[in-house]
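Residue numbers (our numbering): 41 to 1190. Glycine included, every Cβ here is placed at the ideal spot set by N, Cα and C.
Following this line, the structure appears as structure tokens:
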């Protein structure tokens, strides 16, 4: 165009504004500084914060301290916002605490102070917000930023929470594919898509997020969006003129007084359109939304009035509803069975809502329904019903973040049930009638086509049907039929579209790409660039704050360069070397170093892998497996766009789940509370919508996997983008089936499985490290060996490597390498004696120093004998062992604590007051019990890992725990443990007792390997076998001496060792006992010290065992209470009361 263009650029900073950044240490320091600035300035002040919640908190705090302040944020009611802004503008309040929603358009000339309590998320926003100060050029104003080191991290966390990740768009695309399985085009709601995608549909901005994801999919050519809006054709007007229409509407009983005027306005608009169409020689039609807009009515009102005019014959009936019978199942019978299943469950729910309100979790409601005989009840179905009942005004429902609900009826029970029964009868008729229409229309391939019908047509059919169960047919209204059709649609008995249903399914989605298409990284590129820019902007504003603290003029130049230079050149100028990479991360350099600075290269390779479908890590002993997993969880949340609700970690024990939660809390703080870390069993009970219980725990994993495959699980419980598995070598057939079901359900789900194939010692319960290997064979998988041992000295590691050569079918091929400089010590003592207790203890006494020591045995009996021998030598020792048949849940002390809460709790949440009361009551009544320490530790751990205490969570926590989980070994000189229970632990010195009584198979060798690798510094093996003959040890000794059994032994009685039926008449006497109480033994009976009658009788098996010991010269010297537990036979009826069983320790000596 031959134009000479000239650039005019003004500076971003204004001369009457003085900028300052004040570094503060913590939140308290920040508030004190704010108060000081406000007091000094004594002028109209704007305080900017980043969170809406903080506007109110900070305004209230300032007001309390004598500085009147008002809040302002985008989520406030419009009236309150206007009132607060006006009060500030009119000098009724000197201070306004606001989010960035307060800024543009605000022009108060005398604002002398702007304080950024939280730094802005970009320089543009900061300059714009700070620019609210000094609007009068003659006024010198001050702009402060109160800046602490973690302020930028808050912006990064907020960005993580609000950004739409590629995995979320992939979930929405999968949902669209599922919804369009039968037809390329579907009508649905944003909430329906969210639920199908596995998103939490209770989140406030969920519909916006769904629409944004759909827009991204549309932009990439995956689908086309439209509005689902029905049309009303003016040619279907059955009245001659407006006068006749008005007259018939006024005379009709179908229109209420408030609807007559609406009906007249609608018909008038349609008639005028008919005349326009006639003049143009075209067919006239009006979209419902167009009528609603021009007449100022809601779409609901327009649809309701149009349906009534069709019923009255003012408008011709239009078959505007389509029934797609092939979508719901293969037959009328399937639809009817589904209807009856939901009806039975709904009736149960309605009958269990009291006149006040029902406060319960969905999971507990499902548990109650199953226990009360509704065997087909599922949590997914309950949620569907509650959604419908709330939408149609049967109930009100409130739900908190932990999915605990408060449900109340909106009418009395009798009228509610009457309405339900009417709807059920209409629904039954509708299903039968529609399938008959399909059959009559086309006897062959009837289910391949949609059946067209109208609500008015169905209503007339019901009224003319003499077989209806209704006494008076006149009371069935159009609304009743609509309600029944909506019900059938929502429960999935019929797939219906069109007509009034558009009120509930406002979106029209047409899938363009085929069902096998995947939304790829390249499709996400534009959005990804947008979010990368936002990350950089946070770093840029942080750099400004740091620069302002150091050099005021350099900071002003920095701002000027930002607004005037080319963006790329600006970044190159100010972010050189490593800084160029640092500003790509969603973390500050300091936070990144804190989280990942101490990890090894191999550990960082795992942390940095963001692309592999499966990362399978074979982690050797001491390689930092737990550390890697915890840091990977932190990376997923902070660096890899994974939201906490999309992340699932599964473990094999409650103790491991608790440890991971505690370690993650130490690393990332309170955000860890929201991450789902559960055992396989606990998660599967969740999927079933059940509370953990002993009866159902056996097959719960396989049942959950089956339910996922059949689509019977609430989608938001399985809509995961990342699955992390701890101790993956322990997976069996059922766990692997669950993992595969989750992977199939979530096309793009990543799996991170970490385990050690050499430590698979649970083959007896079905575990097989081959399943871990299978994950490594999945397409797009990465297999990593972690073989750097940071725990053990060199000699114990070399010894373990030599021992590994005796084990076949291993996954790892690289030898373990000690990363320590110390050599350490390994000593093998080959005994000729059958019994090795005495030489092992003497060996321990000889070498014992300040470090931690552990004695490892293969059986509980060996462990108990060693404990007695160590204590006889004055060594402070503790026992960690398997408790055969004993469940922590059943301990008397634990049952008392649970029952105390259960009898007094009124809501799903345990109040702090009730929790403290239960602690005080339990700790007081059982104060002398030796077993109380386990309950105290359990309560303490639950408090640490559960910010809010829900009773269902606590019951599950207790149910999944074992007594040994709460055995505190701190302050103990020597720990005695079975090898199984020592897995995952580490000790400076380890003493192993290896009797040559077992078949030398790979399972046994792996168990020995677990024991060997517990040693950090020194390993001492006492054996009478030849497993360790040719291994490289520092010292190999042969001891030909024969040793006797110790003079004193302890027998710990289990359920099998007592006559259980004997306790039935002695419940109160047994419950009066406490752990550690002395007992009197006489002729296979046990007596309490204060009773003449026996309170326990030994079983025939135990009587035989004692007789054998007596033949060897041992006699029972004393007895004491070990545990009092609840028990009832496995085949006992549910309502049978439990018996209190006494489990004792018997001390025998020569």
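{"Asked": "Starting from residue 823, follow the alpha helix (DSSP H) in both directions and report where the run begins and ends.", "Found": "Premise fails: residue 823 lies in the beta strand (DSSP E), 821 to 826, not in any alpha helix (DSSP H)."}
{"Asked": "Less than 8 Å between the CB atoms is what I'm expecting for residue 906 and residue 893, so what's the real figure, rounded?", "Found": "That pair is no contact at about 12 Å."}
{"Asked": "Tell me whether residue 363 sits in a helix, a strand or coil according to DSSP, three-state version.", "Found": "strand"}
{"Asked": "Please specify which runs of the alpha helix (DSSP H), each continuous and at least 4 residues long, are wholly inside the segment 586 to 632, giving them in chain order.", "Found": "592 to 604, 607 to 614 and 618 to 622"}
{"Asked": "Does the Cβ-Cβ distance between residue 71 and residue 115 come in under 9 Å?", "Found": "no"}
{"Asked": "Determine the burial state of residue 853: buried for a count of at least 16 other Cβ atoms within 10 Å of its Cβ, exposed for fewer.", "Found": "exposed"}
{"Asked": "Have a look at 561, 490, 766 and 558 and flag the residue whose alpha-carbon is nearest the alpha-carbon of residue 655.", "Found": "766"}
{"Asked": "Looking at the strands, I want to know which residues DSSP matches up with residue 717.", "Found": "689"}
{"Asked": "Short check: CB of residue 153 to CB of residue 111, under 9 Å?", "Found": "no"}
{"Asked": "Tell me, which residues are paired with residue 538 by DSSP?", "Found": "361"}
{"Asked": "Quick check: the Cα distance between residue 403 and residue 726, rounded to an integer number of angstroms?", "Found": "7 Å"}
{"Asked": "Output the distance between the C-alpha atoms of residue 107 and residue 933, rounded to the nearest integer angstrom.", "Found": "53 Å"}
{"Asked": "Shorter than 8 Å, the distance from the beta carbon of residue 916 to the closest heavy atom of the ligand ATP, or not?", "Found": "With respect to small molecules bound, the structure shown includes none, and the ligand ATP cannot be examined in it."}
{"Asked": "My assumption, with CB atoms under 8 Å, is that residue 236 sits in contact with residue 683. Please give the rounded CB distance.", "Found": "Not confirmed; about 18 Å, so no contact."}
{"Asked": "What are the boundary residues of the alpha helix (DSSP H) that includes residue 492?", "Found": "Where residue 492 is concerned, there is no enclosing alpha helix (DSSP H), although the beta strand (DSSP E) it sits in stretches over 491 to 493."}
{"Asked": "Using CA coordinates, which residue listed in 675, 619 and 660 is at the minimum distance from residue 634?", "Found": "675"}
{"Asked": "Looking at residue 989: is its Cβ nearer than 9 Å to the Cβ of residue 996?", "Found": "no"}
{"Asked": "If distances are taken between C-alpha atoms only, which option among 745, 1180 and 949 comes closest to residue 1166?", "Found": "1180"}
{"Asked": "Just to confirm the assignment, what range does the alpha helix (DSSP H) spanning residue 389 have?", "Found": "372 to 391"}
{"Asked": "From residue 1105 to residue 461, what distance separates their C-alpha atoms?", "Found": "50 Å"}
{"Asked": "How would you write the range of the alpha helix (DSSP H) that residue 479 sits in, first residue to last?", "Found": "453 to 481"}
{"Asked": "Please report how far the alpha carbon of residue 715 lies from the alpha carbon of residue 732, in whole angstroms.", "Found": "20 Å"}
{"Asked": "Suppose the cutoff is 6 Å on Cβ atoms and the five residues either side in sequence are ignored; what does the same chain contact list for residue 227 look like?", "Found": "268, 537, 545 and 548"}
{"Asked": "Using three-state DSSP, classify residue 898 as helix, strand or coil.", "Found": "coil"}
{"Asked": "From residue 577 to residue 192, what distance separates their C-alpha atoms?", "Found": "11 Å"}
{"Asked": "Give me the Cα-Cα distance between residue 1033 and residue 870, rounded to the nearest whole angstrom.", "Found": "11 Å"}
{"Asked": "Whose C-beta lies closer than 8 Å to the C-beta of residue 954 among residues of the same chain, with five residues either side of it excluded?", "Found": "941, 944 and 945"}
{"Asked": "On a Cα-Cα basis, can you pick out the residue from 1108, 1147, 1140 and 1143 that is closest to residue 1128?", "Found": "1108"}
{"Asked": "Would you list the one or two residues that DSSP bridges to residue 439?", "Found": "445"}
{"Asked": "What residues in its chain sit with their C-beta under 8 Å from that of residue 1044, if we drop five residues either side in the sequence?", "Found": "1038"}
{"Asked": "Run the CB neighbour count on residue 755, radius 10 Å, all protein chains shown included, and call it buried at 16 or more, exposed below.", "Found": "buried"}
{"Asked": "Work out the CA separation of residue 911 and residue 1135 for me, nearest whole Å.", "Found": "29 Å"}
{"Asked": "Apply the 10 Å Cβ neighbour rule to residue 142 and answer buried if 16 or more other Cβ atoms are within range, or exposed otherwise.", "Found": "buried"}
{"Asked": "What residue range does the alpha helix (DSSP H) around residue 835 cover?", "Found": "834 to 844"}
{"Asked": "Is it true that the CB of residue 407 sits closer than 9 Å to the CB of residue 729?", "Found": "yes"}
{"Asked": "Residue 1052: buried (16+ other C-beta within 10 angstroms of its C-beta) or exposed?", "Found": "buried"}
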